[in-house]
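Just so we're aligned: the sequence shown equals residues 152 to 826 in my numbering. Note that CB positions come from ideal geometry on N, CA and C, so glycine has one too. Okay, so here's the structure we're looking at.
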Amino acid sequence: MALEPELPTEHVDDSELRGVRRKFWISLALTVPVVALAMGAHLFDLGLSHATMRTLRWFELLLSAPVAAWAAADYYKRGWLGVVHRAPNMYTLIGLGVCIAFGYSLVATFLPQIFPAELHDEHGMVGVYYEVAAAIITLVLLGEWLELRARGRTSAAIRQLLGLAPKTARRIEADGTENDVPLEHVHAGDRLRVRPGEKIPVDGRVADGHSSVDESMLTGEPMPVEKSAGDRVTGATVNQTGTLIVVAERVGAESLLSQIVTLVAQAQRSRAPLQRLADQVAAWFVPAVIVIAIVTFVVWWFVGPEPRLAYALVNAVAVLIIACPCALGLATPISIMVASGRGAQLGVLFRDAQAIENLRNVDTLVLDKTGTITVGRPSLERVIALNGYTESQVLGWAAGLDVASEHPLARAIVTGAEQRGVRPGSVTGFKSVTGQGVRGSADNHELALGNKALMGAVGASTDSVDDQAESLRREGRTVVFLAVDGQLAGALAVGDSVKETTPRALQELKQDGLRLVMLTGDNAATARAVAQHLPIDEVIAEVQPKDKADVIAKLQSQGRRVAMAGDGINDAPALAKADVGIAMGTGTDIAMESAQVTLVKGDLTGIVRARHLSRATVRNIRQNLLFAFGYNALGIPIAAGLLYPFTGWLLSPMLAALAMSLSSVSVISNALRLR
152 MALEPELPTE
162 HVDDSELRGV
172 RRKFWISLAL
182 TVPVVALAMG
192 AHLFDLGLSH
202 ATMRTLRWFE
212 LLLSAPVAAW
222 AAADYYKRGW
232 LGVVHRAPNM
242 YTLIGLGVCI
252 AFGYSLVATF
262 LPQIFPAELH
272 DEHGMVGVYY
282 EVAAAIITLV
292 LLGEWLELRA
302 RGRTSAAIRQ
312 LLGLAPKTAR
322 RIEADGTEND
332 VPLEHVHAGD
342 RLRVRPGEKI
352 PVDGRVADGH
362 SSVDESMLTG
372 EPMPVEKSAG
382 DRVTGATVNQ
392 TGTLIVVAER
402 VGAESLLSQI
412 VTLVAQAQRS
422 RAPLQRLADQ
432 VAAWFVPAVI
442 VIAIVTFVVW
452 WFVGPEPRLA
462 YALVNAVAVL
472 IIACPCALGL
482 ATPISIMVAS
492 GRGAQLGVLF
502 RDAQAIENLR
512 NVDTLVLDKT
522 GTITVGRPSL
532 ERVIALNGYT
542 ESQVLGWAAG
552 LDVASEHPLA
562 RAIVTGAEQR
572 GVRPGSVTGF
582 KSVTGQGVRG
592 SADNHELALG
602 NKALMGAVGA
612 STDSVDDQAE
622 SLRREGRTVV
632 FLAVDGQLAG
642 ALAVGDSVKE
652 TTPRALQELK
662 QDGLRLVMLT
672 GDNAATARAV
682 AQHLPIDEVI
692 AEVQPKDKAD
702 VIAKLQSQGR
712 RVAMAGDGIN
722 DAPALAKADV
732 GIAMGTGTDI
742 AMESAQVTLV
752 KGDLTGIVRA
762 RHLSRATVRN
772 IRQNLLFAFG
782 YNALGIPIAA
792 GLLYPFTGWL
802 LSPMLAALAM
812 SLSSVSVISN
822 ALRLR
């Protein structure tokens, strides 16, 4: 197979995909008429003359030759390398089957007189298998094209991560002048200016300024974080309200974003167990078939009836054709294809066979909190009115102050007012107080909405509601206060509620024997408040992206088979590191590209359905492999002529091809039961 680059880049090189796609369409265009000609001659008595039959055979040869010679060239090379390195693989089987079918057909076309009379038809011609050779290559090309498309989607996740970083930075020179320079020209120690709305270009420390920074790409949490002199900032996070002077500390490959990219790339380069299984089977299957074919040829040559050479050749070819790996090659991908389609109907998207195989063996499920267990966006949950004001007044004034703000808490309050039918107040003189809240005027009243520090600044005491506010915080809520003319008028509680389907889903997963672990970047108090009403075994809070991947690795080192469910960019390394990464369809594109399984509706009950489908699919694959080997185990001895001394039966190459086709039909029919 083509190798994945160790160092991911934003450049997209799809030349291999385009090459395979071009070969497939050309091969398909050549193969369809070859199959039509062969099947027409076999199935219908068209009363064609000898000359016409010879002409049709030349058409078969001319159409199939480019497929067998040009389109299959890479497979011959890969199969031969497997022989040279004493590790025969699926390409060895494919190359061998095509070479034997096509080579035998060439001999039958040009030297039909060397074959026994029993193998000649009424036109004096010997059956050929050009359509078998062409069809095998066309189907393999289709499979490789689909695989390369899947690999391309995997690479897209890394390219999206790399695309998060800004391309330039505004550097402050020693003489005080400022210049926009390419990011690769920024070095540790450089001073950079980050204006409101810009992405922070590198990891560093704030030297001057005060602002709130949206770190949701890093933590998955919706709340901006206040930053001032001395605080650390991370590249690709978004500066929101104020200007920051940042001293660069980690640039290039040392930055946190680059480390995330590397972690995702390393985890995604792992190989599917089912691919290794196929190669392990091929390692003994291919030599065994070759040995059997050689023994068949030698035995018939020395002890067979006349013409011995012809009988030896025909039976050896029959052995090799019936052993052609069509059914073996279909056994896994056809089940995966059907299971993937059925999963899509159930709202579960599988990335690859590894996910389907591994999911049934998972014994530990690690869950992100925000967007996975919870809805993922703050909502207004409670309004407390004090000192003679009504809830409608408190909510209307609060919404009026927040209506122009993009802060997640502000959006939650405005949305909450709309849902309750409360019209936001008409606020003038709006002013943002960094790190505390907002102020303004409405209905001839001076308003202030924010935290306890802002209440202290306007002279509003919060003593009467402090106990209530603390209780709400222990339940995982964020509390903001409203003061009117320097007097506390009320408080609003905003929280991220648990999804309606989460408790039942977690209970079913718990009953299925899974250990449930919550892993979140949120604070410990909020995490415990969410987990206390759910069947969660362990809570790990306040962790960074690399820490999440380390937790997964630690669990794996303890012998656990781990699935990770998450929805944010911060979850991408952990999703890729886990035995099975599960992304919420309501989350970020990068999380979904990094995961092996995506739950379209963002509903954890999808994991229950996915595990049932995983078990059924692996059971189906094993049945398919049994069918494939059963045909070979029964057909190879018959093709070798084992029954000839007792019954006089021989399996011609044509019947061998039919048996090979029937084995494929049985595998496909069995796989379709998954629907």
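Could you check the C-alpha separation between M276 and S166 for me, to the nearest Å? One-based indexing of the sequence shown puts residue 276 at position 125. One-based indexing of the sequence shown puts residue 166 at position 15. Cα to Cα, M276 sits roughly 43 Å from S166.
Where DSSP assigns a beta bridge to F501, which residues make up the other side? What you label residue 501 is simply residue 350 of the sequence shown in a count that begins at 1. Note: F501 sits in a beta bridge opposite V748.
If you count every other CB in all the chains shown that lies within 10 Å of the CB of K705, and 16 or more means buried, which is it? Locating residue 705 in the sequence shown gives position 554, counting from the first residue. Exposed is the call here.
I472 classed as buried or exposed, judged by whether at least 16 other C-beta atoms fall within 10 angstroms: Position 321 of the sequence shown holds residue 472. Classification for I472: buried.
Based on the DSSP output, what are the partners of L598 in its beta bridges? Numbered from 1 along the sequence shown, position 447 holds the residue referred to as residue 598. For L598, which the question treats as bridged, DSSP gives the partners G591, V635.
Could you tell me whether the Cβ atoms of G637 and V609 are closer together than 7 Å? Here residue 637 corresponds to residue number 486 of the sequence shown, with the count starting at 1. Here residue 609 corresponds to residue number 458 of the sequence shown, with the count starting at 1. A contact, by the Cβ cut-off of 7 Å.
Tell me which residue opens and which closes the alpha helix (DSSP H) that A716 is part of. Position 565 of the sequence shown holds residue 716. No alpha helix (DSSP H) holds A716; the beta strand (DSSP E) holding it covers 713-717.
The beta strand (DSSP E) with P333 in it runs from where to where? For the purposes of this step, residue 333 is identified with residue 182 of the sequence shown, where counting begins at 1. Taken as a continuous stretch (DSSP letters only), the beta strand (DSSP E) holding P333 covers 329-333.
Classify L823: buried if its beta carbon has 16 or more other beta carbons within 10 angstroms, exposed otherwise. To locate residue 823, count along the sequence shown from 1; it is residue 672. Counting Cβ neighbours within 10 Å, L823 comes out exposed, since fewer than 16 surround it.
Which word fits S577, buried or exposed, when buried means at least 16 other C-beta atoms lie within 10 angstroms of its C-beta? What you label residue 577 is simply residue 426 of the sequence shown in a count that begins at 1. Exposed is the call here.
Considering just the uninterrupted stretch of the beta strand (DSSP E) at T579, what are its terminal residues? Here residue 579 refers to the residue found at position 428 when the sequence shown is read from its first residue. 579-584 is the extent of the beta strand (DSSP E) around T579.
How would you call A224, buried or exposed, if buried means at least 16 neighbouring beta carbons within 10 angstroms? The sequence position of residue 224 within the sequence shown is 73, counting from 1. Exposed: under 16 other Cβ atoms inside 10 Å.
So what's D365 in DSSP terms, helix, strand or just coil? By one-based count along the sequence shown, residue 365 stands at place 214. Note: D365 maps to strand in three-state DSSP.
Going by alpha carbons, who is nearest to G757 out of A284, F501, T328, R229? Taking the sequence shown and counting its residues from 1, the one referred to as residue 757 is at position 606. That would be F501, whose Cα lies nearest to the Cα of G757.
Measuring only the C-alpha atoms, how far is N538 from D614? By 1-based counting over the sequence shown, the position of residue 538 is 387. By 1-based counting over the sequence shown, the position of residue 614 is 463. Approximately 13 Å, taken between the alpha carbons.
CA-to-CA distance, L764 to A423, given in whole angstroms: Position 272 of the sequence shown, counted from the start, is the residue given in the question as residue 423. Position 613 of the sequence shown, counted from the start, is the residue given in the question as residue 764. Because the pLDDT at A423 is just 44, under 50, the model does not fix this residue reliably, and the point stays unresolved.
Which first and last residues belong to the beta strand (DSSP E) in which S530 is found? Translated into positions along the sequence shown, residue 530 becomes position 379. Here the beta strand (DSSP E) through S530 covers 530-536.
Examine the Cβ distances between the segment 273-292 and the segment 487-494 and report whether three or more of them are shorter than 8 Å. no
Contacting residues, own chain, Cβ-Cβ under 8 Å from G348 (five flanking each side not counted): As a first step, residue 348 is located in the sequence shown; it is residue number 197 there, counting from the start. Excluding residues within five positions, the ones whose Cβ falls inside 8 Å are V389, N390, Q391.
Note the first and the last residue of the continuous beta strand (DSSP E) segment covering V731. Position 580 of the sequence shown, counting from 1, holds the residue named residue 731. Taken as a continuous stretch (DSSP letters only), the beta strand (DSSP E) holding V731 covers 731-735.
Counting Cβ pairs, one atom from each stretch, are 3 or more of them under 8 Å apart for the segment 627-646 and the segment 539-558? yes
Could you compute how far the alpha carbon of D359 sits from the alpha carbon of V345? As a first step, residue 359 is located in the sequence shown; it is residue number 208 there, counting from the start. As a first step, residue 345 is located in the sequence shown; it is residue number 194 there, counting from the start. Between D359 and V345, the C-alpha separation is close to 11 Å.
For V554 and T579, what's the separation of their Cα atoms in angstroms? As a first step, residue 554 must be located in the sequence shown, where it is residue number 403. As a first step, residue 579 must be located in the sequence shown, where it is residue number 428. Rounded to whole angstroms, V554 to T579 spans 12 Å at the Cα level.
Would you give the residue range spanned by the beta strand (DSSP E) that L623 belongs to? Along the sequence shown, one-based indexing puts residue 623 at 472. Looking at the DSSP string, L623 is not in any beta strand (DSSP E); the run it does join, the alpha helix (DSSP H), is 617-625.
I think G246 touches G230, with their Cβ atoms under 8 Å apart; what is that distance to the nearest whole Å? Taking the first residue of the sequence shown as 1, we reach residue 246 at position 95. Taking the first residue of the sequence shown as 1, we reach residue 230 at position 79. Their Cβ separation, rounded to whole angstroms, is 3 Å, which keeps G246 and G230 in contact under 8 Å.
Environment of P239 [buried if 16+ CB atoms lie within 10 Å]: Taking the sequence shown and counting its residues from 1, one reaches residue 239 at position 88. Result: buried.
Taking the alpha helix (DSSP H) that R208 belongs to, which residues open and close that run? Here residue 208 is taken as the residue at index 57 of the sequence shown, counted from 1. From DSSP, the alpha helix (DSSP H) with R208 extends over 201-217.
Alpha carbon to alpha carbon, what distance is there between V291 and I445? On the sequence shown, residue 445 is found 294 positions in, with the first residue counted as 1. On the sequence shown, residue 291 is found 140 positions in, with the first residue counted as 1. Approximately 27 Å, taken between the alpha carbons.
Considering only the beta carbon of each residue, do V249 and I287 sit closer than 7 Å? As a first step, residue 249 must be located in the sequence shown, where it is residue number 98. As a first step, residue 287 must be located in the sequence shown, where it is residue number 136. Yes. Within cutoff.
So, with DSSP's three-state summary, where would you put R655? Counting from one through the sequence shown, the residue named residue 655 turns up at place 504. It is helical.
Limits of the alpha helix (DSSP H) - the one that D553 falls within: One-based indexing of the sequence shown puts residue 553 at position 402. Segment 542-553, the alpha helix (DSSP H) holding D553.
For the beta strand (DSSP E) containing R356, list its first residue and its last residue. Taking the sequence shown and counting its residues from 1, one reaches residue 356 at position 205. Counting along the chain, the beta strand (DSSP E) containing R356 begins and ends at 354-360.
Can you tell me whether R875 is buried or exposed, with buried defined as 16 or more other CB within 10 angstroms of its CB? The structure shown does not extend to residue 875, since the chain spans only 152 to 826, so no value can be given for it.
Just to confirm my understanding: we take R208, look at its own chain, exclude 5 residues before and 5 after, and list those with CB closer than 8 Å. What are they? Working through the sequence shown from its first residue, we reach residue 208 at position 57. These residues qualify, in order along the chain: T260, M276, V279.
With DSSP run on the structure shown, which of helix, strand or coil describes L685? Here residue 685 is taken as the residue at index 534 of the sequence shown, counted from 1. Note: L685 maps to coil in three-state DSSP.
In the DSSP assignment, what are the bridge partners of L667? As a first step, residue 667 is located in the sequence shown; it is residue number 516 there, counting from the start. DSSP output for L667 lists L516 as bridge partner(s).
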